[in-house]
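Enquirer:
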Amino acid sequence: MKTFSLLTIIPIALVMSLTLAEVNLAQTPKIEINRNLQPDPVILNGKSGGSVKSNCGNITTAPNQIIQVTESLPYLRLSVESQGQPTLLIDGPGGKFCVQPDSYSGGKPELSGYWQAGRYSLYVGELSGQQYNYILSISQQKK
868 MKTFSLLTII PIALVMSLTL AEVNLAQTPK IEINRNLQPD PVILNGKSGG SVKSNCGNIT
928 TAPNQIIQVT ESLPYLRLSV ESQGQPTLLI DGPGGKFCVQ PDSYSGGKPE LSGYWQAGRY
988 SLYVGELSGQ QYNYILSISQ QKK
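For the sequence shown, the working numbering begins at 868 and goes up steadily by one.
This is the structure in structure tokens:
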């Protein structure tokens, strides 16, 4: 009798777990980027910072944004603006990169150059420990 109960409960728990994981993944916006980016720039909004302390400021447990680069691009520029001290953690096919604000980019984190095809998870962090509204700009136009 106990075996029957376990065989009934385990599949139900597995289905519930997969459903909850799928809902969690669905909450992270995903955008596809290709050579014909329209509109250019793509402007995305959100809240910077989070409860996870990292070497790239405080971030959230899930990415703020996921971008799928469908083909290698000779040039792509990501830039974050915020009232705080935003950072940009990019986790992609080439590894993890933390972009800090600097004077060259006007005090905002910005990364530009060649991007290989693949999935990139973007985390908009915050150095101050607070949370601020941010604007993430994705463009193929050079400054």
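Glycine included, C-beta positions come from ideal geometry on N, C-alpha and C. Just so we're clear, the structure is a prediction, and the values are computed from it rather than from any experiment.
#1: Enumerate, from N- to C-terminal direction, the unbroken alpha helix (DSSP H) stretches of 4 or more residues contained entirely within the region 905-991.
#2: Determine the extent of the beta strand (DSSP E) in which S1001 is found, giving its start and end residues.
#3: Assuming G951 and E993 make a contact with CB atoms under 8 Å, what is their CB distance in whole Å?
#4: With 9 Å set as the bound, which would you pick, yes or no: does the beta-carbon of T954 sit closer than that to a beta-carbon of chain C?
#5: With DSSP as the reference, label K897 as helix, strand or coil.
#6: List the whole-angstrom C-beta distance separating S946 from Q983, where the pair is believed to meet the contact cut-off of C-beta under 8 Å.
#7: In or out: G917 buried (at least 16 other Cβ within 10 Å) or exposed?
#8: Please work out which residues of its chain come closer than 6 Å, Cβ to Cβ, to P896, disregarding the five sequence neighbours upstream and downstream, and give them in chain order.
#9: Check this for me: beta carbons of S921 and Y1001, under 9 Å apart or not?
#10: Can you check which of these residues, L904, A929 and D907, is closest to S915 by C-alpha distance?
Expert: The structure says:
#1: none
#2: It is worth fixing the name first, because residue 1001 is Tyr in this sequence and not Ser. Looking at the DSSP string, the run of the beta strand (DSSP E) that includes Y1001 is N1000 to S1006.
#3: 5 Å
#4: Checking the listed chains, one finds no chain C in this structure; it contains a single protein chain.
#5: strand
#6: Going by Cβ atoms, the distance from S946 to Q983 rounds to 19 Å, so no, they are not a contact pair.
#7: buried
#8: Q932
#9: no
#10: A929
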